[in-house]
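Beneath this line is the structure, given in structure tokens, with notes to follow.
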């Protein structure tokens, strides 16, 4: 009786671990994008409450720079657009990687089932 896994199954298990790691990275990036998008939307909401000629400061690095409300509004709209596109891309990547994970997992189960049946 040989309890060692076939070379192909070992390779597939390594791929599965790699895919799992990629999924974790994507989920982390997606979470970060969702947070940034929420913060941007909150900033937009607060900005809308202000008078047209209100004094607004824009954060650039560690500096706060006085800016016009319209300019900051435009910047936030652009930032929201970019974040939304990135988020959709990450969601698609997450879906693909989950499908890949399921497919590989099924292949491994099939291979192990055949090995047990042959043993």
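In my numbering, the protein residues as written are 365 to 483.
Each residue gets a CB set at the ideal place from its N, CA and C atoms; glycine is no exception.
Which runs of the beta strand (DSSP E) spanning at least 3 residues fall entirely within the region 390-433, listed in chain order?
-> 420-424 and 427-431
Compare the Cα-Cα distances from residue 394 to each of 449, 464 and 427 and report the closest residue.
-> Minimum Cα distance to residue 394 is reached at 449.
With residue 408 and residue 440 assumed to form a contact (beta carbons below 8 Å), what rounded beta-carbon distance in angstroms separates them?
-> 5 Å
For the candidate residues 398, 381 and 377, whose alpha-carbon lies nearest to that of residue 455?
-> The shortest C-alpha separation from residue 455 is found at 398.
At least three beta-carbon pairs within less than 8 Å, the region 467-477 to the region 376-387 | yes
Thinking residue 432 and residue 420 are a contact (beta carbons under 8 Å), I'd like their distance in whole angstroms, please.
-> Contact between residue 432 and residue 420 holds, since their C-beta atoms are separated by about 7 Å, short of 8 Å.
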